[in-house]
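What follows is a single structure, written as structure tokens, with notes after it.
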Amino acid sequence: MGEPEQQVAELTHLLGTARRAVALTGAGVSTESGIPDFRSDGGLWDQVNPEQVASIAGFLQDPAGFYRFWADKFAALVDAEPSPAHRLLSELEAQGTLRAVITQNIDGLHQRAGSRRVYEVHGSFQRAHCMGCQAPYGIDFVFTKVTGEGEPRCEYCGDLLKPGVVLFGEMLPPAFGEAASEVDQSDLLLVLGSSLEVFPVADLVPRAHRAGARVVLLNRDPGPYDAEADLVVRGQLGPVCEQLRGALR
Ligand code: NAD
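Okay, so the sequence shown: first residue is 86 according to this note's numbering, each after it adds one.
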């Protein structure tokens, strides 16, 4: 057996013997759905400064500019379809092999693929809220305002509306604490498509090791935790996940 086949066979075995497997996903599971990631060559951070377009300070300084930058990118998420990685994880959950998906993604594609226990630790593009009275809004309402007026404002109190995504400089939602508890109880952590450069999410990897779980990393590029992982599957997620789906049937 060549190396990729060997790795898929090893991972199939680990999944078959795990009792409390949990997945952690990043932007790389959605690039094959047509959504660019941030840190790959040609990713979004090659084109813009994250401090300006993805931090709470940048948002508050220039909300109209923030919305101008993100409006079409958010709009593209509405029509995106799940990738083989999303499908694999939803099938593993349905089979009872995977307990939950912890995702850094805001695109809702795990749920669209059928995953039920999803912790969105960086929020979701589908929600928004008023920064003043906290009134909740759907993203559709926000889009109509962006198109018409540049900067969406609350219908009740007139304050600024903020998308339900975690920006740099913001606290993580309660879902992060729940996700960390899942990791504490896990015996296998599968990390797919993440550079593991964003904290505190990246700390879930050493946390899984401390809990006694095995850690498997599936990613195209090398990352900071490769040396301590139990298995690193290096490659394009689409073909690797299709092979795994075949092996697990
Ligand atoms: P990242 O951009 O830092 O890293 C993505 C990783 O995925 C890279 O290491 C890259 O090598 C790998 N990758 C990309 N396409 C791949 C493929 N087809 N097969 C295998 N590997 C592939 O992403 P991150 O670690 O998730 O951190 C970025 C932050 O940006 C996250 O917090 C997330 O909230 C946000 N983000 C979300 C989306 C989304 O919702 N789809 C998209 C971009 C960024």
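We put the CB at the ideal spot given by N, CA and C, even for glycine.
{"query": "Does the pairing of the region 287 to 297 with the region 169 to 179 give three or more beta-carbon distances under 8 angstroms?", "result": "no"}
{"query": "Whose CA, out of Ala106, Phe210 and Val318, lies closest to the CA of Gly223?", "result": "Phe210"}
{"query": "Quick check on DSSP: helix, strand or coil for Cys326?", "result": "helix"}
{"query": "Taking 7 angstroms as the line, does the beta carbon of Val268 fall inside it for any heavy atom of the ligand ADP?", "result": "As for the ligand ADP, it is missing from this structure, which binds only the ligand NAD."}
{"query": "Can you give me the C-alpha to C-alpha distance between Glu240 and Met216, rounded to a whole angstrom?", "result": "12 angstroms"}
{"query": "At which residues does the beta strand (DSSP E) containing Glu205 begin and terminate?", "result": "Val203 to Glu205"}
{"query": "If you follow the beta strand (DSSP E) that Gly278 is in, where does it begin and where does it stop?", "result": "Where Gly278 is concerned, there is no enclosing beta strand (DSSP E), given that its DSSP letter is neither H nor E."}
{"query": "Would you mind reading off the limits of the beta strand (DSSP E) that contains Arg299?", "result": "Arg299 to Asn304"}
{"query": "When you compare each of Ala198, Ile191 and Glu166 to Leu173 by their alpha carbons, which one comes out closest?", "result": "Ala198"}
{"query": "Taking the C-alpha atoms as reference points, what is the distance between Leu277 and Gly111?", "result": "6 angstroms"}
{"query": "Out of His207, Ile141 and Val107, which one is the CA nearest neighbour of Val268?", "result": "Val107"}
{"query": "So Asn190 and Ser125 are in contact, right, with Cβ under 8 angstroms, and what is the actual spacing, rounded?", "result": "Incorrect: roughly 14 angstroms between the Cβ atoms, too far for contact."}
{"query": "Using beta carbons (cut-off 8 angstroms, strictly below), is Asp157 in contact with chain B?", "result": "Reference to chain B is not applicable here, since this structure consists of a single protein chain."}
{"query": "Using only the alpha-carbon positions, how far apart do Gln321 and Pro121 sit?", "result": "14 angstroms"}
{"query": "Whose C-alpha, out of Val186, Gln91 and Gln270, is nearest the C-alpha of Arg105?", "result": "Gln270"}
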